[in-house]
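Colleague: The working numbering numbers the first residue of the sequence shown as 770 and each following residue consecutively.
Where is the CB? At the ideal position from N, CA and C, for every residue including glycine.
Here you go, one structure.
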Amino acid sequence: MFSLTFCQTISTLVKYFEIMRMLTFLVIFTLIYWNLSSGEVEEDAPCLHLKFQPNVINVPLGSESFFTVQLSQPSEKVYNVSFEQQDPKSITLNKTAFQIPAKSQEIYSIGFTANALKASVAVRENRTTEQCISLDSLKESMILITVFRLEQLNVLLDVLGWIYFAAWTISFWPQIFLNFKRKSVVGLNFDFLALNITGFLFYASYNCSLYFSPVVQTEYLEQYPNSVNPVLIQDVAFALHAFFATVLTIGQCFFYERGSQKLSKLCLILLIAFWSSTLITLLLAAVRVITWLWFVSVLSYVKLAISILKYIPQAVLNYRRKNTEGFSIGSIFLDFTGGVGSMFQMIVFAYNTDEWSQLFGDFTKFGLGLFSICFDIVFFIQRYALYRNYQKMDMSEESEDSQSVFRSSCSLERRLSSLRDSTLRFGQAMLHEYRTNHFVYDCLISE
């Protein structure tokens, strides 16, 4: 029995090592290619462009403010400046065009008035096709202006952001501590873990690509010129933490009691489909059939699909076992807190900037958060309504109960053996008495 369990563990380890080896190959190959291709966005000479400071600014409705512009380097001739404005009704500039003298390094202040509520109004340099394009020119030659209602709501947005960031970050650890306390992962679905590790691996790759790779950043800003890089260092830190926390949870499955659990065939099919699509797009990007931005976008789409699917196996397992023992409800409380905080932040932001299109025009982010919260509610119902009468039993109690059943079965066996012996002795006595009486009867007849 021990050798069989050991062989199964080794087989599972080999499978995971194969996946991690393929992952390592993909990451190394991708980083090497990005390093080689990063020269495509570099120029021998610095690219002359207009630098905006700051690149993002928030102003209250009806107020006046300003931003500054300056050439990235002195121009050999007079430099003509003109601004391209995304929404002229929301922002009124006091200067839309001017000239910068040759050899000038002067900083120019551009004033504006906030006329209407709007999120991320882009004001950028109206560049000609003859001007060079570099990553710096794409990042620095624009400003995003957000006009809001109340400063207090902006503070609330920051507070909500830190709340859901902290809740989602901590949500991985209650399950790890529960596994450590029980020395068992029975009740934690392996399909959930397999999908989770793949999803956070791709999510971490997506965030790291947009944050660290000049190639991906340039392609993103070229495709979405009126925007800034959406990935912050907090996003990178969260994704990497989530990935390594999930790796730690999977590692516990190799050392703690896990029962007869294993990956389902459906989960294996999904993983093969996800990894195959990723590998195909990686190869297409490597031979320049598609852009690297397309490749990392595929990673984000796979993560989105996994976020929708990953909770289903755990909910089904709880239903089949008719209990939630082994699955940390603390993680669900934290996930629920993070989801509610994220959705509430989107609603507050939409009200403060009158940008309801983020909720109803692009429903993906809001809908994904709502879907996650709905599954959290399902787990709450399973824990506190459907299976609340289930008596929690720790591992020592389970061991004592098993020993009690074993002792009871042994006692019953001894009683049955005693009854069998008594019956046998009684039968032998009756047979002896019968033979004695029969002998006496034969003697009387003979006389």
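1. Report the option in 902, 937, 1079 and 1024 whose CA atom is closest to the CA atom of residue 1037.
2. Restricting to Cα atoms, I'd like to know which of 919, 843, 1116 and 826 is closest to residue 837.
3. Span of the beta strand (DSSP E) holding residue 951?
4. Do you know offhand how far residue 1119's Cα is from residue 828's?
5. Can you tell me where the alpha helix (DSSP H) holding residue 858 begins and where it ends?
6. Output the residue ranges of the alpha helix (DSSP H) runs that lie fully inside the region 1027-1096 and measure 4 residues or longer, sorted by chain position.
7. Any contact between the region 1007-1020 and the region 1037-1046? By contact I mean 3 or more CB pairs, one from each, below 8 Å.
8. Pull up the distance between the alpha-carbon of residue 821 and that of residue 951, whole angstroms please.
9. Which whole-angstrom value describes the C-beta separation of residue 878 and residue 835, a residue pair presumed to lie in contact below a C-beta threshold of 8 Å?
10. Report the partner residues of residue 1151 according to the DSSP bridge assignment.
11. Could I get the ranges of all uninterrupted alpha helix (DSSP H) runs contained in the region 905-941, with 4 residues as the minimum, in chain order?
12. Is residue 1066 near the ligand ZN, going by C-beta to nearest heavy atom under 7 Å?
13. Can you give the Cα-Cα distance for residue 1076 and residue 1151, rounded to whole angstroms?
14. Hey, how far is the Cα of residue 1073 from the Cα of residue 970?
15. When burial is assigned at 16 or more other CB atoms within 10 Å of the CB, is residue 1082 buried or exposed?
16. Exposed or buried, residue 1023, counting other C-beta atoms within 10 Å across all chains shown (16 or more means buried)?
17. Starting from the Cα of residue 938, find the closest Cα among 1006, 1116 and 839 and give me that residue.
18. Who are the Cβ neighbours of residue 1096 in its own chain at under 7 Å, not counting the five residues just before and after it?
19. Just checking: is the beta-carbon of residue 846 within a distance shorter than 8 Å of some beta-carbon in chain D?
20. Where does residue 1162 fall in DSSP's three states?
21. For residue 1126, which of helix, strand or coil comes out of DSSP?
22. Start and end of the beta strand (DSSP E) containing residue 882?
23. Among 1139, 1114 and 1138, which has the Cα closest to the Cα of residue 928?
24. Hey, residue 1025 and residue 1121: beta-carbon distance below 8 Å or not?
25. Please report how far the alpha carbon of residue 1068 lies from the alpha carbon of residue 1099, in whole angstroms.
26. Go ahead and label residue 977 buried or exposed: buried means 16 or more other beta carbons lie within 10 angstroms of its beta carbon, across all protein chains shown.
27. Assign residue 1025 to one of three DSSP states: helix, strand, or coil.
28. Where does residue 871 sit, in a helix, a strand or coil, going by DSSP?
29. Per DSSP, what are the beta-bridge partners of residue 837 in this structure?
30. Whole angstroms is fine: what's the gap from residue 967's alpha carbon to residue 1032's?
31. Would you report the Cα separation of residue 1092 and residue 1035, rounded to the nearest angstrom?
32. Using CA atoms only, rank isn't needed, just tell me which of 883, 1117 and 940 is closest to residue 1011.
33. Taking just the CA atoms, how far does residue 1028 sit from residue 1171?
34. Checking the sheet assignment: what are the DSSP bridge partners for residue 903?
35. Where DSSP assigns a beta bridge to residue 829, which residues make up the other side?
36. Flag this pair as touching only if the region 1101-1114 and the region 977-987 have three or more C-beta atom pairs under 8 Å; answer yes or no.
Modeller: Checking against the coordinates, here is how it stands:
1. By one-based count along the sequence shown, residue 1037 stands at place 268. Nearest C-alpha to residue 1037: 1079.
2. Here residue 837 refers to the residue found at position 68 when the sequence shown is read from its first residue. Of the candidates 919, 843, 1116 and 826, the one whose C-alpha sits nearest the C-alpha of residue 837 is 826.
3. Here residue 951 refers to the residue found at position 182 when the sequence shown is read from its first residue. Counting along the chain, residue 951 falls outside any beta strand (DSSP E), though it belongs to the alpha helix (DSSP H) covering 942-951.
4. Taking the sequence shown and counting its residues from 1, the one referred to as residue 1119 is at position 350. Taking the sequence shown and counting its residues from 1, the one referred to as residue 828 is at position 59. When rounded, the distance between both Cα atoms is 15 Å.
5. Taking the sequence shown and counting its residues from 1, the one referred to as residue 858 is at position 89. Segment: none, residue 858 is in no alpha helix (DSSP H) and carries neither H nor E.
6. 1034-1055, 1061-1078 and 1080-1090
7. no
8. For the purposes of this step, residue 821 is taken as the residue at position 52 of the sequence shown. For the purposes of this step, residue 951 is taken as the residue at position 182 of the sequence shown. So the alpha carbons of these two residues sit roughly 57 Å apart.
9. Within the sequence shown, numbered from 1, the residue matching residue 878 stands at position 109. Within the sequence shown, numbered from 1, the residue matching residue 835 stands at position 66. So it is a contact: roughly 5 Å between Cβ atoms.
10. Position 382 of the sequence shown, counted from the first residue, corresponds to residue 1151. According to DSSP, residue 1151 bridges with nothing at all.
11. 920-939
12. Among the components modelled here there is no ligand, and therefore nothing to report on the ligand ZN.
13. Walking along the sequence shown from the start, residue 1076 turns up at place 307. Walking along the sequence shown from the start, residue 1151 turns up at place 382. One C-alpha to the other measures close to 20 Å.
14. Sequence index remark: in the sequence shown, residue 1073 carries index 304 (1-based). Sequence index remark: in the sequence shown, residue 970 carries index 201 (1-based). The straight-line gap from Cα to Cα measures roughly 12 Å.
15. Start at 1 with the first residue of the sequence shown, and residue 1082 comes out as number 313. Looking at its Cβ environment, which holds 16 or more other Cβ atoms inside 10 Å, residue 1082 is buried.
16. Walking along the sequence shown from the start, residue 1023 turns up at place 254. Flag for residue 1023 reads exposed.
17. Indexing the sequence shown from 1 puts residue 938 at position 169. Residue 938 has its Cα closest to that of 1006, out of 1006, 1116 and 839.
18. What you label residue 1096 is simply residue 327 of the sequence shown in a count that begins at 1. So the qualifying residues of the chain are 956, 957, 1083 and 1087.
19. As a matter of chain content, chain D is missing from the structure shown, which is built from one protein chain.
20. In the sequence shown, residue 1162 corresponds to position 393, counting from 1. Confidence in residue 1162 is poor, its pLDDT being 48 and thus under 50, which makes the residue's placement too unreliable to answer from.
21. Here residue 1126 refers to the residue found at position 357 of the sequence shown. Residue state, collapsed to three classes: helix.
22. Here residue 882 refers to the residue found at position 113 of the sequence shown. Note, residue 882: beta strand (DSSP E), 877-883.
23. Against the sequence shown, residue 928 aligns to sequence position 159. The option with the nearest alpha carbon to residue 928 is 1114.
24. Position 256 of the sequence shown, counting from 1, holds the residue named residue 1025. Position 352 of the sequence shown, counting from 1, holds the residue named residue 1121. No; because the gap between Cβ atoms is not below 8 Å, this pair is not in contact.
25. As a position in the sequence shown, residue 1068 is number 299, starting the count at 1. As a position in the sequence shown, residue 1099 is number 330, starting the count at 1. Each residue's alpha carbon lies about 29 Å from the other.
26. In the sequence shown, residue 977 corresponds to position 208, counting from 1. When all chains shown are included, residue 977 counts as buried.
27. On the sequence shown, residue 1025 is found 256 positions in, with the first residue counted as 1. Three-state DSSP puts residue 1025 in coil, outside helix and strand.
28. The count along the sequence shown starts at 1 and reaches residue 871 at position 102. Coil, per DSSP.
29. Residue numbering aside, residue 837 sits at position 68 when the sequence shown is read from its first letter. 822 and 878.
30. Here residue 967 refers to the residue found at position 198 when the sequence shown is read from its first residue. Here residue 1032 refers to the residue found at position 263 when the sequence shown is read from its first residue. Whole-angstrom Cα-Cα distance: 14 Å.
31. The count along the sequence shown starts at 1 and reaches residue 1092 at position 323. The count along the sequence shown starts at 1 and reaches residue 1035 at position 266. Approximately 23 Å, taken between the alpha carbons.
32. Reading the sequence shown from its first residue, position 242 is the one you call residue 1011. Cα-wise, what sits closest to residue 1011 is 940.
33. As a first step, residue 1171 must be located in the sequence shown, where it is residue number 402. As a first step, residue 1028 must be located in the sequence shown, where it is residue number 259. Residue placement at residue 1171 is poorly supported in this model, since its pLDDT is 35, which falls under 50; the coordinates still yield a value, given next. For residue 1171 and residue 1028, the distance between alpha carbons rounds to 15 Å.
34. One-based indexing of the sequence shown puts residue 903 at position 134. Residue 903 is not bridged to any residue.
35. Taking the sequence shown and counting its residues from 1, one reaches residue 829 at position 60. Answer is 917, bridged to residue 829.
36. no
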